[in-house]
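Novice: Residue numbers (my numbering): 31 to 239. Have a look at this one.
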Ligand SMILES: C[S@@+](CC[C@H](N)C(=O)[O-])C[C@H]1O[C@@H](n2cnc3c(N)ncnc32)[C@H](O)[C@@H]1O
């Protein structure tokens, strides 16, 4: 929690209590349904929560904005971002029902009013969103093919609607067909070697009717 406050010092008491509660809820539910590797649960805040919040260091989501989290698994990056942006609407999807079950338990335990989680395949989502976030689901070309028609035409943000994807490693090959993609290094953003090879890739997507 200290790490989160260091990087996001303006949290309200409610947000602090929601972030604190994550450990208890995930520990309880992960024992029943494994959504986070058991060894990682001890590093919930750095490996999952703070990592997810890396997206917030690149893009500030405005009240009323809508965000789709594709392949959310146990709720990352969607749940930490939804705590940070209580006035922004989050739609978390995954194809695996038991993962969504855990995500819904977390949503209920934290009383998050701005999040809906459903078992759904990305390719079958009909709505349009301001931004699409994700972590560790598939390579960028496949990902873009799933969601390329799912961004809204306009928003009130400083940047064009598009994808914010948490990725690791050398992305030169994967991003070669996306000249507009911008890579943000989390190591620099958090000033922390833990985030060594981790990045947020921002890919603006032109609206396609
Ligand atoms: C490696 S996990 C990552 C989970 C989470 N984003 C995280 O970083 O902890 C990838 C997730 O993507 C989901 N997934 C794969 N293909 C999908 C699709 N076409 N639509 C929605 N979810 C998908 C899988 O079920 C799995 O839960």
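Glycine included, every Cβ here is placed at the ideal spot set by N, Cα and C.
Please classify residue 228: is it buried, with 16 or more other beta-carbons within 10 angstroms of its beta-carbon, or exposed?
Specialist: Residue 228 is buried by the Cβ-count criterion.
Novice: Using the three-state DSSP reduction, which class does residue 121 fall into: helix, strand or coil?
Specialist: In the structure shown, residue 121 sits in a strand (DSSP, three-state: E or B).
Novice: Is it right to say residue 31 is buried, meaning 16 or more other beta carbons lie within 10 angstroms of its own, or is it exposed?
Specialist: With fewer than 16 other Cβ atoms within 10 Å, it is exposed.
Novice: So what does DSSP say about residue 115, is it helix, strand or coil?
Specialist: Three-state DSSP puts residue 115 in coil, outside helix and strand.
Novice: At which residues does the alpha helix (DSSP H) containing residue 100 begin and terminate?
Specialist: Taken as a continuous stretch (DSSP letters only), residue 100 belongs to no alpha helix (DSSP H), being part of the beta strand (DSSP E) at 96 to 100.
Novice: Do the stretch 106 to 126 and the stretch 34 to 52 touch if we need at least three Cβ pairs shorter than 8 Å?
Specialist: Contact between the stretch 106 to 126 and the stretch 34 to 52 is present, because at least three Cβ pairs lie under 8 Å.
Novice: Tell me which residues share the same chain as residue 60 and place their Cβ nearer than 6 Å to its Cβ, disregarding the 5 neighbours each side in the sequence.
Specialist: The residues are 66, 71.
Novice: Tell me the residue span of the alpha helix (DSSP H) that contains residue 174.
Specialist: It spans 170 to 177 - the alpha helix (DSSP H) in which residue 174 sits, taken as one unbroken run.
Novice: Flag this pair as yes or no: are the beta carbons of residue 206 and residue 231 separated by less than 8 Å?
Specialist: It is not a contact, given that the beta carbons lie outside the stated cut-off.
Novice: So what does DSSP say about residue 80, is it helix, strand or coil?
Specialist: Helix at residue 80.
Novice: Any idea if residue 165 is buried or exposed, counting beta-carbon neighbours within 10 angstroms, 16 or more meaning buried?
Specialist: By the 10 Å Cβ count, residue 165 comes out buried.
Novice: Just checking residue 97 against ligand 1 - is the residue's beta carbon closer than 7 Å to any of the ligand's heavy atoms?
Specialist: Checking every heavy atom of ligand 1 against the Cβ of residue 97, none is found closer than 7 Å.
Novice: If contacts are defined as beta-carbon pairs under 8 Å, then residue 219 and residue 104 qualify, I think. What distance do you get, rounded to the angstrom?
Specialist: Actually they are not in contact, since the Cβ atoms of residue 219 and residue 104 sit about 23 Å apart, beyond 8 Å.
Novice: Let's see if you can read the secondary structure: which residues bound the alpha helix (DSSP H) around residue 61?
Specialist: Start and end: 43 to 62.
Novice: Cβ of residue 109 versus every heavy atom of ligand 1: is any distance shorter than 7 Å?
Specialist: It does not: the Cβ of residue 109 is nowhere closer than 7 Å to a heavy atom of ligand 1.
Novice: Which runs of the beta strand (DSSP E) spanning at least 3 residues fall entirely within the stretch 125 to 204, listed in chain order?
Specialist: Within the stretch 125 to 204, the complete beta strand (DSSP E) runs of at least 3 residues are 145 to 149, 161 to 165, 192 to 198.
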